[in-house]
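Residue numbers (UniProt numbering): 1 to 182.
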């Protein structure tokens, strides 16, 4: 049933061994050592049970020494026979769909982060423009007040000119009356 093999299947611990850096398409329901009956490797430790997600053996479980990369124990056995070709193709398609969805999710999260940065930049621009608008509005209010003052003073000037003209006419009449009747 289980046979020894040397394969380039990647361990699905989540990091490091994947060519695409995608990790397993599904999380483990149990850890690599949470199975029974125990299978012991050449160094006497309980072998870890992993799932291969390579194109050659998708979804196929295998045993390897938990310290295989650290101290060189070469224990490695398939836990089961290969899946039928149809199931393998289906698993590869599903794995690729999960990986594509993860890539798209990362892209969207990156775009969301970029958009958040842009929003903050635009918020600063909006604050600056609002401050500029407020300054212009204050200037306009000052200009309007000055214009109102000028209009009021011009009206007063017209009234004063009329009063001066009236006074001049009255003085001329008074002088003429005095000059003619005296």
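Don't be surprised by glycine CBs; every beta carbon is placed ideally from N, CA and C.
Because the structure is a prediction, the values reported are computed rather than measured.
- In this structure, the straight-line span from the alpha carbon of residue 137 to that of residue 130 is close to 10 Å.
- The three-state secondary structure of residue 75, taken from DSSP, is coil.
- Residue 142 counts as exposed, since fewer than 16 other C-beta atoms from the protein chains shown sit within 10 angstroms of its C-beta.
- Here DSSP, grouped into helix, strand and coil, assigns residue 61 to strand.
- Note that the C-beta distance between residue 50 and residue 61 is below 8 Å.
- Within the DSSP bridge table, the entry for residue 49 names 63 as partners.
- If you ignore the 5 residues before and after residue 46, its C-beta comes within less than 8 Å of the C-beta of 33, 38, 39, 40 and 66, all in its own chain and listed in chain order.
- Distance check between residue 71 and each of 83, 78 and 42 places 42 closest, using alpha-carbon atoms only.
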